[in-house]
Amino acid sequence: MSGFNPAYLRAKQAVDSRSRNQRVWNRFLQELEGGFRPKTVLDLGAGSGAFLALILSETGLRDFDYIPLDADGGLLKALMEGQQDSILKERNIRIQPQEARLETFLQQNTDRFDLILTNAFLDLVHLKSVADPLFGLLNPGGLFYSTLLFDGVTTFLPELDPPVDQQVEALYHASMVTSGQSGYKAGRTLLALLMNSPLTILEAGSSDWAIVPRNGQYESSEEALLRSILDFHKEVLLRELSAISGGSLAPEKTLSEAVIQDWLRKRNSQFDEGRLALLTHQWDMLAIK
């Protein structure tokens, strides 16, 4: 989760927790109840440890090595500092952080794992390039559990001007498709790759965000997350204006400065007044090797 600060991740974690697909989670719990006891757990794009926190609070898993992988050493440090040593000791959990990009890790790693976790991360890598070596990291009988993987919808409500809203969404999604990333189609891409892999899908389902004000108010985590998403949109749209002014993009190919500034002003006003909702589409998937 490189590039995201811990405060944003904390706000996101609260919304993620309620959005996680319960059917997929219950299928994972069924595997645990059936005797699945991983000894090695790899957490891809571990960030500040949201998946570990879930495992510790909602399951009785113990006696395993936990390997959080992230390119951001600051987030790994926050993960380590956020743990209670007494709980780790009592449950015999050993944390072995790995600071590296996934692509580098796949090239250098020779270990295999019983459980691979990943939360809202695989849109940041080129899935078609890493899928085979990634799935190859699993031991026979191992589980692959991916949650909250983005898949192509970022909708603000109520609508302003539908064609403008659609073009803003398209620009935002296009900004995710940089070199080496799966971007806004990551969810459907992973599902297709799993279906054509040696793994068997045990369960899959949506884990959409729905941030909706109640009586003009947001929960604190919703407010912080929605503010961040609006700021991300602002960055994308201002880059678009910069490309126009710099001559690298023809004005007729995109939205005008007046339209962009008007859209940002109206969306920020809706947010300030507690009248803005956000819907995003994501996937959860559980597979076994």
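Those letters in the sequence shown? Residues 168 to 456, by our numbering. Glycine residues also receive a C-beta, built at the ideal position from the N, C-alpha and C atoms. Since we're looking at a predicted model, the values are computed, not measured.
| Item | Value |
| --- | --- |
| Just grab the DSSP bridge partners of D210 for me. | P235 and L284 |
| Among all the DSSP beta bridges, which residues are the ones paired with Q265? | L236 |
| Tell me the residue span of the alpha helix (DSSP H) that contains Y312. | No alpha helix (DSSP H) holds Y312; the beta strand (DSSP E) holding it covers L305 to L324. |
| Who does G372 pair with in a DSSP beta bridge? | D451 |
| For Q384, write down the residues that DSSP places opposite it in a beta bridge. | R381 |
| Pick helix, strand or coil for L445, following the three-state DSSP scheme. | strand |
| Suppose you measure from the CA of L236 to the CA of A353; what does that come to, to the nearest Å? | 19 Å |
| Out of P365, T421 and Q275, which has the shortest C-alpha to C-alpha gap to A267? | Q275 |
| With which residues is T367 paired in a DSSP beta bridge? | I455 |
| In the DSSP assignment, the alpha helix (DSSP H) including N435 goes from what residue to what residue? | E424 to D439 |
| Does P325 pass the burial test, meaning 16 or more other C-beta atoms within 10 Å, or should it be called exposed? | exposed |
| What is the DSSP secondary structure of M168, counted as helix, strand or coil? | Reliability of the predicted coordinates at M168 is poor, the pLDDT of 44 falling under 50, and the value obtained from them is presented with this limitation in mind. Coil. |
| Between which two residues does the alpha helix (DSSP H) carrying L228 extend? | Counting along the chain, L228 falls outside any alpha helix (DSSP H), and DSSP gives it neither H nor E. |
| Count Cβ pairs between the segment 175-192 and the segment 382-389 that sit closer than 8 Å; are there 3 or more? | yes |
| Terminal residues of the continuous alpha helix (DSSP H) containing Y339? | P329 to A341 |
| For D183, which residues from the same chain have a beta carbon less than 6 Å from its beta carbon, with the 5 sequence-adjacent residues on both sides left out? | L315 |
| Please report the straight-line C-alpha distance between Q265 and R279, rounded to a whole angstrom. | 15 Å |
| Let me know if Q263 comes out buried or exposed under the rule of 16 or more other beta-carbons within 10 Å of its beta-carbon. | exposed |
| For the candidate residues W430, Q384, G308 and F317, whose alpha-carbon lies nearest to that of L446? | F317 |
| I believe F311 touches I283 by the beta-carbon criterion, under 8 Å. Please report the beta-carbon distance rounded to the nearest angstrom. | 5 Å |
| The alpha helix (DSSP H) spanning V459 covers which residue range? | The structure shown does not extend to residue 459, since the chain is modelled only from 168 to 456, so the question has no answer here. |
| Using the beta-carbon count (16 or more within 10 Å), is I254 buried or exposed? | exposed |
| Would you mind giving the Cβ-Cβ distance between S373 and H448, rounded to the nearest angstrom? I have them listed as a contact below 8 Å. | 7 Å |
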